[in-house]
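Below is one structure, written out as structure tokens, with a few remarks after it.
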Amino acid sequence: MKKLVLATVLGTVALTGCANLDVGSVMNVGGSLFKAATLSDQEMHAIGLATTQKYDAESKVAGSKSKYTQRLNKLTRNLKTYEGKTLSYKVYLSNEVNAFVTPSGDVRVYSGLMDKMTDDELVFVLGHEIGHFVHQHSKGRVRTQYLAIAAQQAAGLSSNALLASLSQSQLGELAKGVVNAQYSQSNEYEADAYGLKVLKETNRNPQAAVTSLRKLASLSESGGLAEALLGSHPDSNKRADRIEKMLASGK
């Protein structure tokens, strides 16, 4: 959720400000710029790790004894791996109502969001984010943003040379574009269904999917949601209505 419905902060090379990060290892695509259109799972994972490192370094991460960390650990006890995917979780101490998952499966939740949600509602949000990760919804966003920048650069550069040539401003715009881009309606519905699935499989109240979205809608109306969350997860009430119909039909 770098936005919830859980806005997924999609890792992008733009966020790889780490001094020791070898761009070549992140995107060893080679050839023309537009081979970025064939980003591999390995490359996406590397981009995700770089994103996680960036955000962890710039955020106040809750310690192991924090009430937030202890609560999150309890709720994710059975979500460390899911459908063969390895996931990690941390809490950022911030009043911001937000959450996200990177392409490497690193879920980050803001304490401001945790304060607003019941345990079951938070599990839905986590499940929604896991759904974005499992279905690789971020891949298209990363590719699109990368190619948009590539189109502005000199033709014929390799991916390595392109990334090395980008200014900090361009890298920042790339990151901003990826983070603030909206998911498609089908992506949101698919992630919602996944969150509902996680609720049921962890023996929690499926109705929490509806109430969590209603809360987000209310926060949106009152201006209490992070801009990033609003941008990536619109129409919370509409999605809540859809889940209510699914539950009523026994799905």
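For reference, each letter of the sequence shown is one residue, going -19 to -1, 1 to 232 in mature numbering (1 follows the signal peptide of the UniProt record, and there is no 0). Virtual Cβ for every residue (Gly too), placed ideally from N, Cα, C.
Non-local beta-carbon contacts of N168 in its own chain, meaning distances under 8 Å to residues more than five positions away in sequence, involve H113, H116, H118 in chain order.
Counting C-beta pairs with one atom in each stretch, the segment 40 to 58 and the segment 166 to 182 have fewer than three that are closer than 8 Å, which means they do not touch. Inter-residue distance for E39 and S230 is about 45 Å (C-alpha atoms, whole angstroms). In the three-state DSSP reduction, T57 falls in the coil class, being neither helix nor strand. A straight line joining the alpha-carbon of M227 with that of S21 spans about 35 Å. V72 is bridged by DSSP to V90. As computed with DSSP, K181 is found in no beta bridge at all. Annotation: E171 to K46 spans about 35 Å, alpha carbon to alpha carbon. Taking C-alpha positions only, T125 is separated from D87 by approximately 22 Å. Assignment of T67 by DSSP, reduced to helix, strand and coil, places it in the strand class. Rounded to whole angstroms, the separation of the alpha carbons of T83 and S92 is 18 Å.
One Cα belongs to L30, the other to S85, and the distance between them is close to 6 Å. With a contact defined as Cβ atoms closer than 8 Å, Y175 and I111 qualify at about 7 Å. Shown here, T99 sits in coil according to DSSP, grouped into three states, outside any helix or strand. Where K219 is concerned, the enclosing alpha helix (DSSP H) starts and stops at 217 to 229. Counting every other CB atom within 10 Å of its CB across the protein chains shown gives G44 a total below 16, marking it as exposed.
Between A190 and D173, the beta carbon gap of about 7 Å places them in contact (Cβ cut-off 8 Å). In this structure L107 is in contact with L60, their Cβ atoms being roughly 7 Å apart against a cut-off of 8 Å. The beta-bridge partner set that DSSP reports for V42 consists of Y73. The alpha-carbon of G65 is positioned some 23 Å away from that of V123.
In this structure, E102 keeps its C-beta atom at 8 Å or more from the C-beta atom of S165. Put simply, the backbone Cα of V90 is about 11 Å away from that of N76.
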